[in-house]
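Structure, as structure tokens:
In the working numbering, the protein residues as written are 26 to 241.
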């Protein structure tokens with residue numbers, strides 16, 4: 026019995042340390058946001074009821090995220106990102122900046138989807154589909170970042186339909202990931218490429234039409 030307890034002790038100790046570190050980081054984050062928001066004079070105390078649960082949710086996923094690869098770390102990743110999103114909403118509301126920072130509500134979820142590529146599947150077709158989704162999510166994050174720059178008056182595209190460029194980018198992403206399938210010796214690689222190429226070409230041409238302002 027004593028030997029079993031000694032064997033389990035290091036693992037239990039690491040888990041406890043992981044929980045303590047996660048809770049400590051969450052507490053520091055909540056304190057930092059609260060202090061800075063108070064110092065700006067735009068402090069909305071009620072946002073703490075969103076901020077604190079988000080930090081605790083993220084802290085719950087921290088220990089799972091650090092347990093190497095596999096299902097546990099992926100679950101931890103999802104929990105951390107959900108908590109992080111809730112925390113970000115609470116922080117923005119606490120600063121009273123939702124009117125200026127709403128594009129972050131596009132950036133954060135798309136980055137979360139893109140980050141799942143760290144757990145990409147083994148099968149070439151599934152991996153190509155997952156990579157396509159992850160790359161499209163990165164493009165979505167770029168759209169959110171561009172919107173944030175527009176809201177902050179950092180850039181101004183005038184009457185240009187700038188989003189057409191991102192539609193073209195999405196088409197290129199889909200087509201390149203479809204072409205990547207050709208290097209794998211799977212029976213249905215040409216069929217898969219054909220299915221991907223159709224939406225890719227349509228997305229590219231529509232984006233070009235919007236960007237150039239051509240009539241329908």
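All residues carry an ideal CB built from backbone N, CA and C; glycine is no exception.
A quick note: this is a predicted structure, and the numbers were derived from the prediction, not measured.
What number of angstroms, rounded off, separates the C-alpha of residue i from the C-alpha of residue j?
i: residue 104; j: residue 173; result: 26 Å
i: residue 90; j: residue 184; result: 45 Å
i: residue 201; j: residue 53; result: 43 Å
i: residue 162; j: residue 63; result: 35 Å
i: residue 180; j: residue 238; result: 20 Å
i: residue 218; j: residue 177; result: 40 Å
i: residue 29; j: residue 95; result: Caution applies to residue 29, whose pLDDT of 47 falls short of 50 and renders its modelled position unreliable; the value that the coordinates give is listed next. About 26 Å.
i: residue 69; j: residue 58; result: 11 Å
i: residue 154; j: residue 220; result: 12 Å
i: residue 60; j: residue 44; result: 24 Å
i: residue 125; j: residue 159; result: 27 Å
Name the two residues that bound the continuous alpha helix (DSSP H) containing residue i.
i: residue 215; result: 214-237
i: residue 206; result: No alpha helix (DSSP H) holds residue 206; DSSP gives it neither H nor E.
i: residue 142; result: Looking at the DSSP string, residue 142 is not in any alpha helix (DSSP H), and its letter there is neither H nor E.
i: residue 170; result: 149-176
i: residue 69; result: Run containing residue 69: none; DSSP gives neither H nor E here.
i: residue 105; result: 96-120
Any idea if residue i is buried or exposed, counting beta-carbon neighbours within 10 angstroms, 16 or more meaning buried?
i: residue 227; result: exposed
i: residue 42; result: exposed
i: residue 214; result: buried
i: residue 114; result: buried
i: residue 87; result: buried
i: residue 82; result: buried
i: residue 56; result: exposed
i: residue 119; result: buried
i: residue 65; result: exposed
If I'm right that residue i touches residue j with Cβ under 8 Å, what's the distance once you round it to whole angstroms?
i: residue 236; j: residue 193; result: 7 Å
i: residue 279; j: residue 137; result: The displayed coordinates of the chain run from 26 to 241. Any statement about residue 279 would go beyond what the structure contains.
i: residue 135; j: residue 166; result: 4 Å
Just to confirm my understanding: we take residue i, look at its own chain, exclude 5 residues before and 5 after, and list those with CB closer than 7 Å. What are they?
i: residue 222; result: 200, 203
i: residue 195; result: 161, 164, 228
i: residue 157; result: 198, 199, 202
i: residue 233; result: 189, 193
For residue i, which residues from the same chain have a beta carbon less than 6 Å from its beta carbon, with the 5 sequence-adjacent residues on both sides left out?
i: residue 231; result: 192
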